[in-house]
Amino acid sequence: MIHDAKPAVCAMFPLGRAIRIDKEDAEKDELPPMKVEYIINPIDCGDFSETHTVKDWLESFGIPLEDEYFLKWQKTISMLSPRIQKLEKELDDNLMDKIISVMYIKLYLDYDLGIDFYPQFVKNADGCNASGNAE
Numbered sequence: 010m011i012h013d014a015k016p017a018v019c020a021m022f023p024l025g026r027a028i029r030i031d032k033e034d035a036e037k038d039e040l041p042p043m044k045v046e047y048i049i050n051p052i053d054c055g056d057f058s059e060t061h062t063v064k065d066w067l068e069s070f071g072i073p074l075e076d077e078y079f080l081k082w083q084k085t086i087s088m089l090s091p092r093i094q095k096l097e098k099e100l101d102d103n104l105m106d107k108i109i110s111v112m113y114i115k116l117y118l119d120y121d122l123g124i125d126f127y128p129q130f131v132k133n134a135d136g137c138n139a140s141g142n143a144e
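If you want the numbering used here, it's the position in the sequence shown, counting the first as 1, plus 9.
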């Protein structure tokens, strides 16, 4: 029961996942297609009597191998990060605090729990990225 309700990051353990984005690509308005890479962390528990494929392990927790949310999140933070770093050099701390606060609210808090998460996330992420383009 508890095992089935784990957040994705906990359910995935001992797997980790990442994408590669070149710095030059992160500074563009559009990123090239991304491919998820999986990492296996050291396993220090269990009796090693079971073997799982990445696909089987993820599917057992309802996590798709091609996870749209993960890709959208990676794209969002990869595009916002260089923009924020640039703004930090140009704006005063007070204004940067306000910008970071708005992004935090949009990316982490501005959700109606009564409706589907993903469309709200896409709208919020796209809004943050659009704001980052207004230079």
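Glycine is no exception: its CB is placed at the ideal position from the N, C-alpha and C atoms.
Shown here for R26: same chain residues with a beta carbon closer than 6 Å to its own, the five before and five after excluded, namely V45 and Y47 in chain order.
Annotation: T60 to N50 spans about 15 Å, alpha carbon to alpha carbon. By the neighbour-count criterion, in which a residue is buried when 16 or more other Cβ atoms sit within 10 angstroms of its Cβ, Q94 is exposed. The beta carbons of N138 and M105 sit no closer together than 8 Å.
Beyond the five residues adjoining it in sequence on each side, E77 comes within less than 6 Å, by CB distance, of no other residue in the same chain.
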